[in-house]
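Worksheet: one structure, shown below.
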Amino acid sequence: QQQVKQSPQSLIVQKGGISIINCAYENTAFDYFPWYQQFPGKGPALLIAIRPDVSEKKEGRFTISFNKSAKQFSLHIMDSQPGDSATYFCAASKGGSQGNLIFGKGTKLSVKP
Amino acid sequence: EPEVTQTPSHQVTQMGQEVILRCVPISNHLYFYWYRQILGQKVEFLVSFYNNEISEKSEIFDDQFSVERPDGSNFTLKIRSTKLEDSAMYFCASRRDGINYGYTFGSGTRLTVV
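These protein sequences, in sequence, are chains Y and X.
According to my numbering, the residues represented by the first sequence are 588 to 700, in order.
According to my numbering, the residues represented by the second sequence are 3 to 116, in order.
Right, dumping it as structure tokens:
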């Protein structure tokens, strides 16, 4: 019940295309859903996050869509660029003093020029 | 922009030795974490630390591991009697209190146990 399932494992997109990564969770106590971007040799960096009281959040080219009833959320990268090539992790956490993140297995995105 | 600083960036140790991984969290953050990432796998939670004590730990964080905040700035992870399977990237993270729960991760320490 603590798992976050992420798909696909890898994704190849042409420059200018839309990249879509999906995640699903089971624990309804999760109340914070961030997406992290990780470049080789670096730590995960927060990209965008959403709370379950909204269905969509957009920041620039990045959008999170959240479906509370289906317990699913997804990351959309519009106008994908070669510089977006990285590994993307979805995560979920419970609130309060804990807040430890449960990560998905990651999606390696390659954007071809 | 404030950063979480980790040292060393890479550590090689003999199996059975003790290692201490060091982190300097962002100064106004109250919650501190250690995560690890075995090569090519997902990031896994190890332990969280708040108000000078462990608030939660995963099943990975057994008696081999300990954490400490020896002064007002450093946060350390000690691994006693290292094993080959402890080889991983260890990330320190911190976050401030409040509704946004924003984490900041350090760049990690790559631990290689030989």
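Just so you know, even glycine gets a beta-carbon here, dropped at the ideal spot from N, CA and C.
Please read these numbers as outputs of a predicted model, since none were measured by experiment.
Exercise for the section: State the beta-bridge partners of HIS714 (chain Y) as determined by DSSP. Expected result: No answer is possible for residue 714 (chain Y): the residues shown for chain Y start at 588 and end at 700.
Problem - Partners in chain X for ILE689 (chain Y), counting only beta-carbon separations shorter than 8 Å - result: As a position in the first sequence, residue 689 (chain Y) is number 102, starting the count at 1. Result: PHE47.
Exercise for the section: Could you pull the start and end residues of the beta strand (DSSP E) that MET91 (chain X) belongs to? Expected result: As a working note, residue 91 (chain X) is residue 89 in the second sequence. First-last of the beta strand (DSSP E) with MET91 (chain X): 90 to 97.
Handout entry: GLY686 (chain Y) to ALA95 (chain X) span [Cα, whole Å]
Key = As a first step, residue 686 (chain Y) must be located in the first sequence, where it is residue number 99. As a first step, residue 95 (chain X) must be located in the second sequence, where it is residue number 93. Between GLY686 (chain Y) and ALA95 (chain X), the C-alpha separation is close to 12 Å.
Practice task
Taking only the alpha-carbon atoms, compute the straight-line gap between VAL21 (chain X) and GLY628 (chain Y) and give it to the nearest angstrom.
Solution key: Indexing the second sequence from 1 puts residue 21 (chain X) at position 19. Indexing the first sequence from 1 puts residue 628 (chain Y) at position 41. Whole-angstrom Cα-Cα distance: 20 Å.
Practice task
Quick one: give me the first and last residue of the beta strand (DSSP E) that LEU86 (chain X) is part of.
Solution key: In the second sequence, residue 86 (chain X) corresponds to position 84, counting from 1. Taken as a continuous stretch (DSSP letters only), LEU86 (chain X) belongs to no beta strand (DSSP E), as it is neither H nor E.
Handout entry: Check whether PHE67 (chain X) and LEU48 (chain X) have beta carbons under 8 Å apart
Key = In the second sequence, counting from the first residue as 1, residue 67 (chain X) sits at position 65. In the second sequence, counting from the first residue as 1, residue 48 (chain X) sits at position 46. In this structure, LEU48 (chain X) lies closer than 8 Å to PHE67 (chain X) by Cβ.
Exercise for the section: Output yes or no for whether 8 Å exceeds the beta carbon distance between GLY108 (chain X) and PHE93 (chain X). Expected result: On the second sequence, residue 108 (chain X) is found 106 positions in, with the first residue counted as 1. On the second sequence, residue 93 (chain X) is found 91 positions in, with the first residue counted as 1. A contact, by the Cβ cut-off of 8 Å.
Exercise for the section: Could you pull the start and end residues of the beta strand (DSSP E) that GLY599 (chain Y) belongs to? Expected result: Residue numbering aside, residue 599 (chain Y) sits at position 12 when the first sequence is read from its first letter. Checking the sequence shown, residue 599 (chain Y) turns out to be Ile, not Gly. Run containing ILE599 (chain Y): 597 to 601, per the beta strand (DSSP E) assignment.
Exercise for the section: Could you run through the stretch 629 to 647 of chain Y and flag, in chain order, every residue whose CB is less than 9 Å away from some CB of chain X? Expected result: LYS629, GLY630, PRO631, ALA632, LEU633, ALA636, ARG638
Practice task
Return the chain-ordered list of same chain residues with a C-beta closer than 6 Å to the C-beta of LYS59 (chain X), the five sequence neighbours on each side being excluded.
Solution key: Here residue 59 (chain X) refers to the residue found at position 57 when the second sequence is read from its first residue. VAL49, listed in sequence order.
Practice task
May I ask you to report which of helix, strand or coil DSSP gives PRO621 (chain Y)?
Solution key: Counted from its first residue, the first sequence places residue 621 (chain Y) at position 34. Residue state, collapsed to three classes: strand.
Practice task
Using beta-carbon positions only, say whether GLN13 (chain X) and THR111 (chain X) come within less than 8 Å of one another.
Solution key: What you label residue 13 (chain X) is simply residue 11 of the second sequence in a count that begins at 1. What you label residue 111 (chain X) is simply residue 109 of the second sequence in a count that begins at 1. Against a cut-off of 8 Å, the Cβ pair of THR111 (chain X) and GLN13 (chain X) comes out as a contact.
Practice task
Name the one or two DSSP bridge partners that ARG24 (chain X) has.
Solution key: Counting from 1 along the second sequence, the entry for residue 24 (chain X) is found at position 22. Note: ARG24 (chain X) sits in a beta bridge opposite X:THR9, X:THR78.
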